[in-house]
């Protein structure tokens, strides 16, 4: 007859030491916030004409506004562009509006901080001008990202005859940032669930996760290279049949002509 060992019948009252998991939580929030920025655009809305434009038209409008604002010496023109941007931002959802406005405001604040010595050297106008133009530029790019899927953005680059190697690098980088971010989030969740007691070396766990993510990226790169070779991919992005001059795109181009005329006038 088998008997249960005495050590198995002995009651144990193990109470692990309390530990703070704020380090893991902050790491999770950081990774997820970066990933959310790449996933925040689902494309087209119906409340504003800008949402229904083709991606090349959006790219052209955003880049032209940034160039004109950078070259403008009259701040009235820059204020007009900011007013146009803020009106369009009103049609965004609350989440996208918060992200776009916060990113633009943060970039403007950082620029103002860097140019703060100009105030004490007698050129406060320089700090104000650069900060406002940075706010406009970052806001335009953030609005473009919030209203246009990334695959449409790369398609727009192809329309403007951007080299294929640049489009390929940009496209693959965006896709694998999200994939590797998912892997890091899963590993951080697993680390959090398996953490028992007090761990004084949490930084070593993060370095292990980053190392695994690097090895995983190398492995995935080899697999992707083999898959592309099997499918006969030669590094060429074919341009689709884009209907650039639709009714909304025509109105947008007329509007940009008016903006260019305002730039020349001011």
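Numbering (this note's numbering), first residue to last: 472 to 737.
Don't be surprised by glycine CBs; every beta carbon is placed ideally from N, CA and C.
Bear in mind that the values here come from a model prediction, so they are computed numbers and not experimental data.
With distances taken between CB atoms, is the gap from residue 727 to residue 535 smaller than 8 Å? A contact, by the Cβ cut-off of 8 Å.
Are there 16 or more other CB atoms within 10 angstroms of the CB of residue 560, so buried, or fewer, so exposed? The residue in question, residue 560, is buried, as its Cβ has 16 or more Cβ neighbours within 10 Å.
Taking 7 Å as the cut-off, does the CB of residue 596 come closer than this to any heavy atom belonging to the ligand PLP? Inclusion of the ligand PLP in the displayed structure is not the case, the ligand content being empty and no account of it being possible.
C-alpha distance - residue 651 paired with residue 582, whole-angstrom precision: Straight across, the Cα-Cα distance linking residue 651 with residue 582 is about 31 Å.
Rounded straight-line distance, which links the Cα of residue 730 to that of residue 736: Whole-angstrom Cα-Cα distance: 10 Å.
Would you check if the distance between the CB atom of residue 598 and the CB atom of residue 605 is smaller than 8 Å? In this structure, residue 605 does not lie closer than 8 Å to residue 598 by Cβ.
How many Å lie between residue 665 and residue 592 at the Cα? Rounded to whole angstroms, the gap between the alpha carbons of residue 665 and residue 592 is 56 Å.
Hey, would you say residue 524 sits closer than 8 Å to residue 698, going by beta carbons? Contact: no.
Helix or strand or just coil, what does DSSP make of residue 476? Reduced to three states, the DSSP call for residue 476 is coil.
Of all the options 732, 647 and 615, which has the alpha carbon lying nearest to the alpha carbon of residue 526? Answer by Cα proximity: 615.
Quick one: complete alpha helix (DSSP H) runs, 4+ long, within the stretch 614-647? Runs found: 621-630.
Roughly how many angstroms separate the alpha carbons of residue 700 and residue 636, rounded to a whole number? Straight-line Cα distance between these residues: approximately 16 Å.
Whole angstroms are fine: how far does the CA of residue 688 sit from the CA of residue 741? This structure does not reach residue 741, given that the chain is present from 472 up to 737, and the question cannot be answered.
Return the CA-CA distance between residue 539 and residue 587, expressed in angstroms with no decimal places. Using only the alpha carbons, I get a separation of about 25 Å.
How should residue 655 be labelled, buried or exposed, when 16 other C-beta atoms within 10 angstroms of its C-beta is the threshold for buried? Buried, because 16 or more other Cβ atoms sit within 10 Å of the Cβ of residue 655.
Which value, in whole angstroms, describes the spacing of the CA atoms of residue 473 and residue 660? Looking at the two C-alpha atoms, the distance is approximately 41 Å.
Out of curiosity, what's the CA-to-CA distance linking residue 624 and residue 717? Taking the straight line joining both Cα atoms gives about 18 Å.
Figure out for me which residue from 556, 693, 686 and 633 has the closest Cα to the Cα of residue 613. The residue with the shortest Cα to Cα distance from residue 613 is 556.
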